[in-house]
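All remarks here apply to the structure that follows.
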Amino acid sequence: MRREYAKTLGCAVLLFALNAAITQWLFRTAYTNQMGSIEAAFIGIARYVSRHWGQLEWFPIWYGGIPYPDSYPPLLHWIVALGISTFHVDPGLSYHFVVATIYALGPVTLFWMAWRLSGSRPCALVAAIGYSIISPTCVLVPSVRLDVDGLFGPRRLITLVNYGEGPHLTSMCLLALAIGLLHVAFEKRKPWWWMAAALGIAAAPMSNWLGGMALAMCLTAYLFAGLPAGQRTFPILLRVAALGLWAYAMAMPWLSPSTIAVIRANAPRVANNFRADNTQRIFVAGVATAFLLLAWAMERWKLTRHTRFAILASLITGCAALGRYWFKLSLLPQPDRYHLEMDMFLWVAVVFAVWPLIRWTGKHLERWHVVGICAILVIACVPIVKKQRRTARWEERPIKIETTIEYKTAKWLDAHMPGARVFAPGTIGFWLNAFSDAPQITGGFDNGISNPFVPALIFHVYAGSDQPTMVDLLRAYGCDAMIGGGKDSAEYYHPISHVEKLRGLKELWRDGGDAVYDLPRRSRSLAHVMRRGDIMMKPLALYGWSVLEPYMNALENPEYPLAAFQWRGSSDAVITAPMQPDQVLSVQISWDKGWAAYSGGRRVPTWSDKLGEMVVEPHCSGPCTVELKFDGGFESHFARVLSVLALAGGFCWILVATWRKRSGLTKTN
């Protein structure tokens with residue numbers, strides 16, 4: 118038994134070392150030259166978490182505030198934040214060390230899954246080595262091949278470093294682990310394996326939403342492949358369904374129905390205006406039909422069950438990715454990103470399919486022939502690995518982050534406008550919270566925008582040409598400054614189309630082609646006293662800019678008393694102002710049902726205006742103090758209780774099973 122464990126461990130170490138050697142520079146690099154990568158947002162989230170452990174209900178630094186679960190599935194950021202807090206290292210270094218480790222672990226978990234499914238360690242090792250160094254997408258898609266500089270380019274590495282796919286690769290690593298754990302749980306039928314499988318199923322979507330969808334695809338393929346063998350179908354379905362519900366119960370505080378609803382609402386817009394039209398429905402129906410026919414045909418052909426699984430998983434992920442690349446068809450939002458999963462399962466499918474032939478050939482060859490063929494294959498891999506190492510070294514080359522406009526802007530805001538909300542475009546917005554706690558009306562994960570009016574605001578600032586309207590909109594959302602630049606901007610994307618609208622605004626600071634512009638407001642507070650009739654109750658999209666005027670006039674009306682707003686924590690604030698009973702507070706924070714307001718020890722009404730911001734009715738006379746608390750509401754409380762019960766129930770099951778086993782052994786002895 119120990120010898121078998123040693124063989125498995127040896128394969129795992131070999132795979133980890135191979136992949137770590139390819140991306141070795143990332144382990145010790147805090148910031149690379151890839152300033153356009155969305156990894157900036159993930160570094161920012163991890164930095165924030167490392168400074169606010171225990172205060173992760175509300176996320177006030179993006180989009181005027183959003184519930185923390187909407188900021189991004191949290192698992193990777195927790196790991197990175199733990200590294201920051203434990204070892205007191207730079208957030209960028211912690212992030213890159215973690216994702217480099219995950220990059221190297223991905224083929225390891227794929228190997229383990231393939232071995233558990235097939236029972237053949239050499240077969241699984243070959244599939245994992247192939248996945249480590251050659252991307253089938255580069256063979257099948259010319260644009261991808263060009264993007265990674267050739268047929269043998271490191272596609273997985275490029276997506277990690279250039280495009281910031283750290284959470285996606287994390288979920289893929291956990292996806293393979295989850296499938297392997299599920300299979301072992303069916304084989305062993307022990308409580309600890311069932312709980313491990315449930316945790317694995319929960320972990321994939323806790324890292325990345327695409328990973329959650331890919332897991333659903335793979336579980337479907339697993340069931341339709343007839344796995345596990347030798348068991349009746351209905352009990353298997355019941356157990357998998359129960360595991361899925363158990364996993365969701367554990368993860369529910371961070372993947373709640375309201376968070377899923379926000380992601381669903383934003384996904385079409387973020388995915389290039391994805392629409393479920395008739396063409397898309399026909400494509401989905403065609404893929405589903407092909408999937409069912411292929412599953413039926415492979416069963417009749419008596420293909421091994423693990424081969425069926427790999428082929429079916431390849432079919433779904435391949436149709437998603439290649440349907441988009443080849444025919445511009447979308448099986449689901451952002452379908453081209455599933456080419457990473459397609460690469461993984463295509464390798465497993467091909468190796469599983471040809472392995473019987475390889476074994477038959479090996480039995481009919483002399484031992485030295487087999488050794489020679491293996492040596493030739495290893496030698497052939499050497500130039501591929503060397504090429505990928507050269508590419509990795511170039512892509513991962515470090516940068517002096519202090520010289521970038523993103524870093525300079527963040528530090529200037531911290532020094533001169535602490536706590537002020539800003540509009541930060543492009544990569545300045547991506548990177549802002551990697552170096553600063555400055556709140557912004559933009560952010561790094563548009564899928565998580567809970568205020569439905571914020572995307573229109575961002576679009577208007579980027580694409581509009583009218584300065585007064587832009588300034589009024591930004592002031593309406595509590596912004597004290599905006600950042601912008603022209604063609605000579607050092608920012609990566611240059612998203613502001615009509616830079617001439619910035620002329621005439623007061624410059625607070627300039628560095629080359631980029632500047633911070635003042636947005637003057639009567640009060641820099643996020644709370645404002647006014648009457649109910651001043652609140653914006655008609656949406657701009659339907660009634661035009663004129664409906665904004667009463668609200669803007671109220672913000673600047675000197676007859677209304679000033680209100681002081683102060684954060685006491687990320688989810689807790691206090692407002693003080695002299696008020697009359699018929700006056701309300703307009704609070705420039707995105708409204709959410711999880712907010713509660715209290716005045717004089719009693720709860721007072723809160724609701725949303727047509728800017729998506731909070732309105733509080735304290736019904737005060739004279740000096741008034743309003744306390745705002747965000748706890749997520751009933752859904753959040755229910756999710757936390759359910760998560761604790763699911764985890765506690767699993768541990769109790771394991772303890773009882775262990776006690777019963779030991780009791781049985783004692784009686785026998």
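Remember, the numbering used here sits 117 above the position in the sequence shown when you count from 1. Ideal Cβ positions, reconstructed from N, Cα and C, are used throughout, including at glycine. Note that the structure is a prediction, hence the values are computed from the model and not measured.
- Around the CB of residue 477, fewer than 16 other CB atoms lie within 10 Å, so the residue is classed as exposed.
- A direct Cα-Cα distance of roughly 17 Å separates residue 469 from residue 249.
- In this structure, residue 205 keeps its C-beta atom at 7 Å or more from the C-beta atom of residue 166.
- In this structure, the beta-carbon distance from residue 465 to residue 509 does not fall below 7 Å.
- In the DSSP assignment, residue 569 falls outside any alpha helix (DSSP H) and carries neither an H nor an E.
- Pairing residue 126 with residue 133, the inter-Cα distance amounts to about 10 Å.
- With a threshold of 16 other beta carbon atoms within 10 Å, residue 670 falls short and is exposed.
- According to DSSP, residue 330 shares a beta bridge with no other residue.
- Less than 7 Å separates the beta-carbon of residue 408 from that of residue 432.
- Per DSSP, the beta bridge partners of residue 634 are 599, 624.
- For residue 585, the enclosing alpha helix (DSSP H) has its first and last residue at 584 to 593.
- Pairing residue 344 with residue 422 gives a Cβ-Cβ distance under 7 Å.
- With contacts defined by Cβ atoms closer than 7 Å, residue 254 and residue 272 form a contacting pair.
- In this structure, the alpha-carbon of residue 596 lies about 31 Å from that of residue 211.
- The three-state reading of DSSP puts residue 391 in coil, since its state is none of H, G, I, E or B.
- The Cβ neighbour count for residue 436, taken over all protein chains shown within 10 Å, is at least 16; the residue is labelled buried.
- Annotation for residue 194: the continuous alpha helix (DSSP H) segment containing it runs 192 to 204.
- Along the length of the segment 286 to 346, whole alpha helix (DSSP H) runs at least 4 residues long occupy 308 to 320, 326 to 341, reported in chain order.
- Look at residue 744 here: in three-state DSSP terms it is strand.
- Taking the Cα positions, residue 546 is about 32 Å away from residue 136.
- DSSP places residue 264 in the uninterrupted alpha helix (DSSP H) bounded by 259 to 264.
- Distance from the CA atom of residue 662 to the CA atom of residue 668, rounded to whole angstroms, is 11 Å.
- Close CB contacts of residue 589 within its chain, under the 7 Å cut and outside five residues either way in sequence, are with 665, 669 (chain order).
- When the five nearest sequence neighbours on each side are left out, the beta carbons in the same chain lying within less than 6 Å of the beta carbon of residue 207 are those of 147, in order along the chain.
- Three or more beta-carbon pairs drawn from the segment 766 to 776 and the segment 298 to 312 are found closer than 8 Å, and the two stretches are therefore classed as touching.
- Under the DSSP assignment, residue 713 falls in the beta strand (DSSP E) whose first and last residues are 712 to 716.
- Secondary structure note for residue 363: its alpha helix (DSSP H) is the uninterrupted segment 350 to 368.
- Distance from the Cα of residue 475 is smallest, within the candidate group 384, 517, 240, 682, for 240.
- Residue 564 sits close to residue 380, with the two beta carbons spaced by under 7 Å.
- With a cutoff of 7 Å on beta-carbon distance, residue 702 and residue 640 are scored as not near each other.
- The Cβ neighbour count for residue 376, taken over all protein chains shown within 10 Å, is at least 16; the residue is labelled buried.
- Residue 689: member of the beta strand (DSSP E) spanning 689 to 696, first to last residue.
- In the DSSP secondary-structure assignment, residue 535 is not bridged to any residue.
- Of the residues assessed, residue 447 falls on the buried side of the cut-off, its CB having 16 or more other CB atoms within 10 angstroms.
- Shortest Cα-Cα distance from residue 192 to any of 323, 142, 183 involves 323.
- Under DSSP, residue 540 forms a beta bridge with 599.
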